[in-house]
Amino acid sequence: MSTIHNKDIILLAHGSGGRLSHELIQELFLKYFNDPVLKGLEDASLIENIYVGKLAFSTDSYVVKPIFFPGGDIGKLAICGTINDLSMRGARPLYLSVGFIIEEGLSIRELEQIVASMARVAKETGVRIITGDTKVVEKGAADKLFINTSGIGVVPPGVDISNKNGREGDIILINGTIGDHGMAIISQREGLNFSTSIESDCAPLNGLVEELLKASSNIHILRDPTRGGLGTTLNEISLASGVGVKIYETSIPVREPVRIGCEMLGLDPLYLANEGKLIVVVAMEDSQKVLETLTNHHQGREARIIGTLTSNHSGLVVMHTNLGTQRVVSMPAGELLPRIC
Amino acid sequence: MEILSSFRDPALSRRLVKIIRSYEGKPLNFMEFCGTHTHAVFKYGIRQLLPEDIKMLSGPGCPVCVTDSRDINLSLSLARISGVIITTFGDLLKVPGSGGKSLQTAKAEGADIRIVYSTLDALKIARENKERPIIFLGIGFETTTPTVSAAILQAEKEGLENFFIFSMHKLTPPATRAILNLGEVHLDGIIGPGHVSTVIGSKAWEFLPLEYGVPFVVAGFEPFDILLGIEKLVEQCIEGRPRGANAYMRSVKKEGNPSAIKIMYDVFETSPALWRGLGEIPGSGLKLKDKYSHYDAFLKFMPTFKAEIEDNLNCRCGEVLRGVIDPPQCQLFKKVCSPDNPLGPCMVSSEGACSAYYLYGNYDLPTFPPHTPL
C-alpha cells in the first residue's frame, strides 16, 4: 500500500510543491496518466514530428456539481468535452493537458476515481495526456474539484468545418435524444430525486466524427450542443452562417423521463445541456448518407433529421410545432442552471 | 406521461380549432388570468390558430409580477440584515426594486440568499442553521400558500424558533374583480387559473357570470386544454348566456381541495395587499394569524427602506398586468428591457407576459401568414 492512501483527504500541503505534492503526483496521477513523456516530470512536454498543416487548439474548464453523476463524473466530462470541441472543427484530437484545482478536504479515493476515469476515456479514444498541473486551494475557495483541459488536434487536408459554413437548403441532423446530461445533473441536485434514473450522455465523439468525415465531404457544420442546449447552438449557427433555422418539433428526440422532468420543473429540453450529442449540418444531397452513417454507429442509433437552413428568417430559429403553429426558439436568457459542466 | 401526449394530440386540437374558427360574430376579447397560461399560449403558438376576431389578453396571474416594488425593497432590507439567510423561489431573485437593485445583486454583494424549490427546503435550512434566522420570502397565490402553511405548522411542531415568513401571498379572485371594476378593458370571457382553481375550486369564480355577466372557464395548461377553454368561452358568447365551465375536470373540482383551503386559513387570514399595477386591494392578501405571528419576519425585523430613487417610471408592467397594453407597446420592451436586463417584473418571471412575448413572440416574423393552414 502506498503512503498516499494512508491519508484519506487532500491537504493544502498536497499542492505545496513539497513531499506530499510529489507523492500525490507519483502515486496517484502517474499511476493512471502513464504516457512516457509525462514520466520525466519536465516543465513542458515536447511533441515530436508534429504534422505540419492545420492544428486545432481548444480549452475548457469543468466545474460541474455534483462531481459524480449518473453516466459520468467531472473527469470523464473534462476529457470528453475537449475531445469533442476539437472534433467539432473536424480535427483529430491527439494531445491533452489536464489542470486540477482541488479544494482541500476532497477525499483521495474520489480523486483517484476521477483520475482513473479520465485515463480510461483517453485510452479508449487514443488521445494522449502529455502535461498536467495540480493546485490545492483552501476550503471554500473552490468546490471540491475544478478541472481544466486543453487539447491539440490536427485537421485533415481539405476538411473545412465551421459555424459559418451553413447554407440555405442544408439539412440539420442530430445523433440522438436531447437534454439527458442536463436532466441527469438536475435530478442529482439536492431535493430533486426522480424515481427513474436519468443518465448523462457524456461521451467522446471523435470516432463518430471520423466516420462522418469519411462518409461525406459535404459536411458544413458540426457542433456539440452542450451548455445552453440545442436551442442555443442552433441560434449560434443561424447568426454565424447568416441563415434562418427551421426545425420540426415532432422530429426532435427527447427521452420520456427527460420530458417528464422538464414538465415538472418548467424547463425546456431544447435548452438542456448535452455532452455526447452532435449536430450535423450537411448539404442536402449527402443528408441520407450522413443519416445512415449516424444510425449505423452506436452513438447515433436514434439519429434524426431535425430541420433545414433557410433564407427566410435569417438569424432566427423557428420551430414548427406539433399543432402546426410556429414558434421562435430564442437564445435563453441568463444562466438557467449554473455549473452544469 | 401518456396522458400528456393525448392532451397534445394535434388531431384532437385541430378539431377544436375548426369549431373556434367557425365563429362569426362581434370581436371577442378573452383574458387568460394566469401567467402559466400566457406562456403556454405562446409556447404552443395558440394565438396563430385563432381567428382575427378572437383576441387573447394576458392577465395579472404571475405572483412575481404583481409583487409591488415596496415589497421587493423590504425583501432587500431583510436580506441585508447581518446573519440572516434568505430563502426564496428563483424567479424573485432578478426582480429589480427601486433604483435597480435586486436580490441577485444583494447576493453578489454578500447577502446569504438561497434558492429553494419548496418551503420544506427552507425549513431544512432552518433546521441545519439553528443559530441563524431563516426568512422565507413568501410569494404566490392560493396554489403555493397551503405549502407555506404546512411549513409553519411543521416548524411549530418541531419548536423551530429561527424560521420566519415574509408573507406577500395574494388571492386571485379579488384581483380579477379589481380589473373588472376598473373597466379599462372590455372582457367577453376569462380563462380561470387551473392550478389556483385546483385549490380554491371552480365555484370561487361563480361571481364572474353572476355579478359581472362575464363567462369564465377553468382550463388546464396543455394545448388541448387551452383550446377547449377558448371553445367553451366562444360557446357561451354565442349563446349569450354567461356561466361558469370547467374544462380541467381531471384536476379541478367545484369545491376545490378542502384540506388545502383549511390549512391555508388555519395559519393565515385575509388582509389588504399591494399589487403592482392594481394598487392596494382590500381582502386580497394573506397575513399570519395572531397565533402564528411569531413567524412573521415583518414583525420580527421591522424592515424599512429609503425610497431615494423612484421606480422606473417608463416601465409599463402595471398596464401589462391589467391587460391594457400588450408588452410590445411598452417603449422599453426589447430595446432596453430584456430577460437579461429586466426593468420590470413581467420580463423577469417565467410566468410574466413580457418574457412570454420576448421568448416566443413571432410578431417579428412578418413573412409568415397569420394562420397556418390546418
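One line per chain: the protein sequences are W and E, in this order.
Sequential numbering from 8 applies to the first sequence in the numbering used here.
Sequential numbering from -6 applies to the second sequence in the numbering used here.
All C-beta atoms in this analysis are idealised placements derived from N, C-alpha and C, irrespective of residue type, glycine included.
Computed from a prediction, not measured in an experiment: that's the story for all the values here.
Proximity below 8 Å, CB of W:Ala247 to CB of W:Lys171 | Inclusion of W:Ala247 and W:Lys171 in the CB contact set at 8 Å is warranted, their separation being smaller than that value.
Give a yes or no on whether 8 Å exceeds the smallest Cβ distance from E:Ser95 to chain W.
-> It does not: the Cβ of E:Ser95 has no partner Cβ on chain W nearer than 8 Å.
Return the residues of the region 29 to 47 of chain E that lie within a Cβ-Cβ distance of less than 8 Å from chain W, sorted by chain order.
-> Per Cβ criterion, the list reads Phe35, Lys36, Tyr37, Gly38, Ile39, Gln41 and Leu42.
Unbroken stretches of the beta strand (DSSP E), 3 residues or longer, contained in the region 127 to 196 of chain W = Given a length threshold of 3 residues, each whole run of the beta strand (DSSP E) inside the region 127 to 196 of chain W is given here in chain order: 135 to 144, 152 to 162 and 178 to 181.
Between the C-alpha atoms of W:Pro164 and W:Pro100, what's the straight-line distance to the nearest angstrom?
-> Cα-Cα distance, rounded: 15 Å.
Go ahead and pull the three-state DSSP assignment for E:Thr360.
-> The pLDDT assigned to E:Thr360 is 39, lower than 50, so where the model puts this residue is not dependable; a value taken from the coordinates is nonetheless given after this. Residue state, collapsed to three classes: coil.
CB E:Pro275 to CB E:Pro265, shorter than 8 Å?
-> Contact: yes.
How many angstroms separate the CA atom of E:Ile79 from the CA atom of W:Gln195?
-> The C-alpha of E:Ile79 lies about 23 Å from the C-alpha of W:Gln195.
Find the residues of chain W that neighbour E:Gln354, judging by a C-beta separation of less than 9 Å, and give them in chain order.
-> For clarity, residue 354 of chain E is Gly in the given sequence; the question names Gln instead. Think of a sphere of 9 Å around the beta carbon of E:Gly354: the chain W residues whose beta carbon falls inside it are Val335 and Ser337, in chain order.
Check each candidate in E:Tyr351, E:Val245 and E:Lys36 and name the one with the smallest Cα separation from W:Leu274.
-> When only C-alpha atoms are compared, the closest one is E:Lys36.
Would you mind reading off the limits of the alpha helix (DSSP H) that contains E:Ser190?
-> In this chain, the alpha helix (DSSP H) harbouring E:Ser190 covers Gly187 to Ile193.
Sorted by chain position, which residues of the same chain lie with C-beta nearer than 7 Å to E:Pro363's C-beta, five sequence neighbours on each side aside?
-> Low per-residue confidence applies at E:Pro363: pLDDT is 41, beneath 50, and the placement is therefore not dependable, though the value from the model is reported in the following sentence. Here the set comprises Gln41.
Relative to the C-alpha of E:Val341, which residue among E:Pro208, E:Glu215, E:Ser95 and E:Thr137 is closest?
-> The residue among E:Pro208, E:Glu215, E:Ser95 and E:Thr137 with its C-alpha nearest the C-alpha of E:Val341 is E:Ser95.
Based on Cα-Cα distance, which residue from W:Gly283, W:Leu48, W:Ile136 and W:Ile313 lies nearest to W:Ser294?
-> Cα-wise, what sits closest to W:Ser294 is W:Ile313.
For E:Trp268, the residue or residues it bridges with in DSSP = E:Trp268 has E:Thr60 and E:Gly272 as its beta-bridge partners, per DSSP.
By Cβ distance below 7 Å, which residues in the same chain neighbour W:Ser223 in space, the five residues on each side in sequence not counted?
-> Only Val289, Asp293, Lys296 and Val297 meet the Cβ criterion.
In angstroms with no decimal places, state the Cα-to-Cα distance between E:Phe156 and W:Arg230.
-> Rounded to the nearest whole angstrom, the C-alpha separation of E:Phe156 and W:Arg230 is 48 Å.
Look at W:Leu19 and W:Glu111 and say whether their C-beta atoms are less than 8 Å apart.
-> Yes, these two residues count as a Cβ contact at 8 Å.
Residues of chain W with CB under 7 Å from E:Asp372, in chain order?
-> Nothing about residue 372 of chain E can be reported from this structure: the residues present for chain E run from -6 to 367 only.
Alpha helix (DSSP H) runs contained entirely in the region 50 to 138 of chain E, provided each spans 4 or more residues | Qualifying alpha helix (DSSP H) stretches, in chain order: 62 to 72, 96 to 101 and 112 to 121.
Exposed or buried, which one is W:Ala51 when buried takes at least 16 other CB atoms within 10 Å?
-> W:Ala51 is exposed by the Cβ-count criterion.
Report yes if the C-beta distance between E:His115 and E:Phe129 is below 8 Å; otherwise report no.
-> The question names His, but residue 115 of chain E is Ala in the sequence shown. Taking 8 Å as the cut-off, the beta carbon of E:Ala115 is found closer than this to the beta carbon of E:Phe129.
Cβ of W:Leu277 within 8 Å of any chain E Cβ = Chain E places no beta carbon closer than 8 Å to that of W:Leu277, leaving this residue out of the contacts.
If contact means a Cβ-Cβ distance below 7 Å, which residues of the region 336 to 347 of chain E contact chain W?
-> Going along the region 336 to 347 of chain E in chain order, one finds Ser343 with a Cβ nearer than 7 Å to chain W.
What residues from chain E crowd round W:Asn329, counting only those whose CB sits closer than 7 Å?
-> Within 7 Å of the CB of W:Asn329, the CB atoms of chain E belong to Arg1 and Pro3, in sequence order along the chain.
Touch check for the region 75 to 89 of chain E and the region 117 to 131 of chain E: three-plus C-beta pairs under 8 Å?
-> Short answer: they touch.
Heavy atom of the ligand COA less than 7 Å from the Cβ of W:Arg96, yes or no?
-> For the structure depicted, the ligand COA is absent and the ligand set is empty, with no information on it obtainable.
Could you name the residues of chain E that W:Ala129 contacts, counting a contact when the two beta carbons are closer than 7 Å?
-> Those within 7 Å of W:Ala129 in chain E number zero; the least Cβ separation is about 36 Å.
Who are the near neighbours of W:Pro77 in its chain, counting only those whose CB is closer than 6 Å to its CB and skipping five residues on each side?
-> Excluding positions up to five away in sequence, the list reads Ala191, Ser204 and Glu206.
Looking at the C-beta of E:Ser6, does it have a partner C-beta in chain W at a distance below 8 Å?
-> E:Ser6 counts as touching chain W.
Per DSSP, which residues does E:Asp319 bridge with? Please list them.
-> For E:Asp319, which the question treats as bridged, DSSP gives no partner whatsoever.
Selection from W:Thr240, W:Asp92, W:Glu282 and W:Gly147 that minimises the alpha carbon distance to W:Gly79 | Taking only the C-alpha atoms, the option nearest W:Gly79 is W:Glu282.
Entirely within the region 199 to 281 of chain E and at least 3 residues each: give me those beta strand (DSSP E) ranges in chain order.
-> Whole beta strand (DSSP E) segments, 3+ residues: 209 to 212, 237 to 240, 261 to 268 and 272 to 281.
From W:Gly106 to W:Gly139, what does the alpha carbon distance come to, in whole angstroms?
-> The C-alpha of W:Gly106 lies about 5 Å from the C-alpha of W:Gly139.
Which residues in chain E sit within 8 Å of W:Thr332, going by Cβ to Cβ distance?
-> The contacting residues are Tyr37, Gly38, Ile39, Gln41, Leu42 and Thr365.
Counting contacts by CB-CB distance shorter than 8 Å, is E:Pro56 in contact with chain W?
-> Using beta-carbon distances, E:Pro56 does not count as an interface residue toward chain W, since no partner is under 8 Å.
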